[in-house]
Amino acid sequence: MAFNDDEKPPASNVVSTKGLVTIKTPIYSKDEAALTADAVTALVELNATSSTAVREGLDLVAVLDVSGSMQGEKLASMKKAMHFVVMKLTPVDRLSIVSFNNSATRHCPLRSVTQAAQADLTAIIDGLVARGGTNIQVGMETALAVFAGRATTKARTANVFLMSDGQQNNGTDARRPDLGKAPVYTFGFGKDADHALLSDVARKSPGGTFSSVPDGRNVTAPFSQLLGGLLTVVAQDVQLTLTPKTDVDNPDQDPDLGAMTVAPGTDYTHTKDDATGVITIKFGTLFSGEARKVTVNLTLQDSKETAEYDAKLAEAQHSYTAQGGLQNQTPQDIFIKRTPNPSDDPSAVSLKARAVLAEMARRDHAGAIGEAREMADRKKLDDARYRLADAQNALEDVVTPDDGGRKLVGMLRAELLQLLDLMETQELYEVEGRPYALASETSHGRQRYAARGGDMDAVRLFATPRMDAYLKQAMKFEEDPTAPLPSADDDVKEEIAANPLAAISAPIAFYIKAAIQALQEIEKLVAPPAN
6 MAFNDDEKPP ASNVVSTKGL VTIKTPIYSK DEAALTADAV TALVELNATS
56 STAVREGLDL VAVLDVSGSM QGEKLASMKK AMHFVVMKLT PVDRLSIVSF
106 NNSATRHCPL RSVTQAAQAD LTAIIDGLVA RGGTNIQVGM ETALAVFAGR
156 ATTKARTANV FLMSDGQQNN GTDARRPDLG KAPVYTFGFG KDADHALLSD
206 VARKSPGGTF SSVPDGRNVT APFSQLLGGL LTVVAQDVQL TLTPKTDVDN
256 PDQDPDLGAM TVAPGTDYTH TKDDATGVIT IKFGTLFSGE ARKVTVNLTL
306 QDSKETAEYD AKLAEAQHSY TAQGGLQNQT PQDIFIKRTP NPSDDPSAVS
356 LKARAVLAEM ARRDHAGAIG EAREMADRKK LDDARYRLAD AQNALEDVVT
406 PDDGGRKLVG MLRAELLQLL DLMETQELYE VEGRPYALAS ETSHGRQRYA
456 ARGGDMDAVR LFATPRMDAY LKQAMKFEED PTAPLPSADD DVKEEIAANP
506 LAAISAPIAF YIKAAIQALQ EIEKLVAPPA N
């Protein structure tokens, strides 16, 4: 089924899309590797521009639970949150509202959110009535039909907000509908929601996250965080390719690289070509100010060299689409110095190596949360708490390289403390601890913010500047929904006024980097041959 009746949005301005996503020079878990068999972990990081002047248009389908259990305060809170969403959207954005109980209703096609459309969408929201059972699957199937029938897709990003407060008691399985490249952001509303199901639905989609709203009251704040990201999507189809270096200049020398694998903790689709060893990781969309870090485990073979040299191990190259055009970027070499006598002094570890070790510690931390959740699910709460205590102790050994690293470790500690508090009793864990852990796991795996249900100010992992701004706006909106609320266009104007160069910094940085790389290649060509 497809509806084929989406409204045509206004055309986007033609702007430069160069440098919207950049790759940092890879860094390593140690500064030197031995000439004998060794191993090292490389950190490859992609960064989206901090500017929000260039963004993809948003196509959002809000899939809303209106079953009988939503009556009263829950429905009122959901309506208020949706009012916030409608007020933030602009004519370049489109919204379709789908509600579900025993069956699903598409209340409108994808509407370009003009001033007139805002009034219509608000009236739809205000008219929602809670009754009947819970059939999440049919709601998701309707969202799929909305996207399947889109006539306008260029430079537009398809996304779903799915909110439910209960267990699926109608239909087959909400995990079944496949929305393709559309991320699904799910919100578990109240203590009776099937948090595990909603987490699975989010994780099945590329880039989706699960957020917990345990009290079922203030939904505006969690909605605002993902909306802050979706209104700043600077690139789609972001992809990283890792190509192993298997050829060598010296025919008597074996390749330095023995094996290359992506370390656990990157919850994105990645494939490996068995014939070439090439690894491809697909990240989907990137919000302004977001980063994606990939840790790559590299096994080094014995070297026949006797002197120190730089060993090229692989190439990292990324690509993305923006405003409908494909951008392939210049590859970055992954290499490390191999020496007969590498340092083994822990005090001599460089700041770059410490940054890699801190990222590896974050991944271990996320794994510990998953292990503790599984223990608590088996009603082994004491074991779960011990596992979290071990994770706390492990953080004490992390030596952070800068203020950003110290802030990261501080938030990881806060995350563990909140989760330990929510595992005081099995009953408390079932109501709040499990959804908190599930939200943490999707957030860490996707490297994208998710509301965990605790103190939203204490754990801001992966939050972007626009999300921080929207959290403040959401809190004010909850206090007074009648007060004026700036639109996303107003937010951009305010950001540009605060930093006028931000809008042109990405293409300028791109061309400067390209010029430097060209000069380096010329220098190699004219350099005298080595003796």
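Just so you know, the sequence shown maps onto residues 6 to 536 in our numbering. The beta-carbon is built from N, C-alpha and C at its ideal position, and this holds for glycine as well. From a predicted model like this one, the values you see are computed outputs, not experimental measurements.
Item, Value
"Looking only at DSSP bridge pairs, what is M168 linked to?", "L69 and F192"
"Would you identify the three-state DSSP class for R465, choosing helix, strand or coil?", "coil"
"Could you tell me the alpha carbon to alpha carbon distance between A319 and T248, rounded to whole angstroms?", "5 Å"
"Assuming contact is defined by CB atoms lying nearer than 9 Å, are A327 and Q452 in contact in what I supplied?", "no"
"Can you give the beta carbon distance from V218 to A455, rounded, assuming they're within the 8 Å contact cut?", "The Cβ separation is near 11 Å, so there is no contact."
"Judging by CA-CA distance, which residue of K29, G24, D395 and E37 is the nearest neighbour of P351?", "E37"
"Under DSSP, the alpha helix (DSSP H) around Y441 begins and ends at which residues?", "R439 to R451"
"With DSSP collapsed to three states, give me the class of K287.", "strand"
"Buried or exposed: R411, going by 16 or more other Cβ atoms within 10 Å of its Cβ?", "exposed"
"If distances are taken between C-alpha atoms only, which option among S445, G375 and V238 comes closest to T57?", "V238"
"Which runs of the alpha helix (DSSP H) spanning at least 4 residues fall entirely within the segment 97-169, listed in chain order?", "120-131 and 141-153"
"By DSSP, does F8 sit in helix, in strand, or in coil?", "coil"
"Can at least three beta-carbon pairs, one atom from the segment 137-150 and one from the segment 169-176, be found at a separation below 8 Å?", "yes"
"If we ignore side chains and look at the alpha-carbon of each, how far apart do K35 and D407 end up?", "17 Å"
"Are the beta-carbon atoms belonging to S348 and T54 less than 9 Å from one another?", "no"
"Tell me, to the nearest whole angstrom, how far the beta carbon of A226 is from that of M480; I am working on the premise that it is less than 8 Å.", "7 Å"
"For S21, name the three-state secondary structure that DSSP assigns.", "coil"
"Measure how close the beta-carbons of V267 and I286 come, nearest whole angstrom, since I'm counting them as under 8 Å.", "7 Å"
"Of the choices V134, T27, V143 and L100, whose alpha-carbon is the least far from that of R161?", "L100"
"Can you list, in chain order, the residues of its chain whose CB lies under 8 Å from that of G289, leaving out five sequence neighbours each side?", "K186, P188, P211, G212, Q241, D242, V243 and Y273"
"Is the number of C-beta pairs between the segment 374-388 and the segment 62-72 that are closer than 8 Å three or more?", "no"
"Between the alpha carbons of A207 and T191, how many angstroms are there, rounded?", "6 Å"
"When the Cβ atoms of the segment 83-102 are set against those of the segment 354-363, are three or more pairs found closer than 8 Å?", "no"
"Is it a yes or a no for the segment 334-343 touching the segment 306-323, going by three-plus beta-carbon pairs under 8 Å?", "yes"
"Out of curiosity, what's the CA-to-CA distance linking L433 and I374?", "16 Å"
"Can you tell me whether DSSP reads N536 as helix, strand or coil?", "Residue placement at N536 cannot be trusted, given a pLDDT of 49 that sits under 50; the coordinates are not used to answer."
"Taking C-beta to C-beta, are A544 and M428 nearer than 9 Å?", "This structure leaves residue 544 out entirely; the chain is present only between 6 and 536."
"If I measure Cβ to Cβ from K79 and keep anything under 7 Å in the same chain, skipping five residues before and after, which residues do I get?", "D170, F194, G195 and G221"
"Once DSSP output is grouped into helix, strand and coil, what is the label at A264?", "strand"
"Which of helix, strand or coil does DSSP assign to S210?", "coil"
"Going by the CB atoms, is the gap between F8 and R111 shorter than 9 Å?", "yes"
"Here's the rule: buried if 16 or more other CB atoms are within 10 angstroms of the residue's CB, otherwise exposed. What is E61?", "buried"
"Sort out for me which residues DSSP pairs D43 with in a bridge.", "L305"
"I need the DSSP call for R297, collapsed to helix, strand or coil.", "strand"
"Which word fits L331, buried or exposed, when buried means at least 16 other C-beta atoms lie within 10 angstroms of its C-beta?", "exposed"
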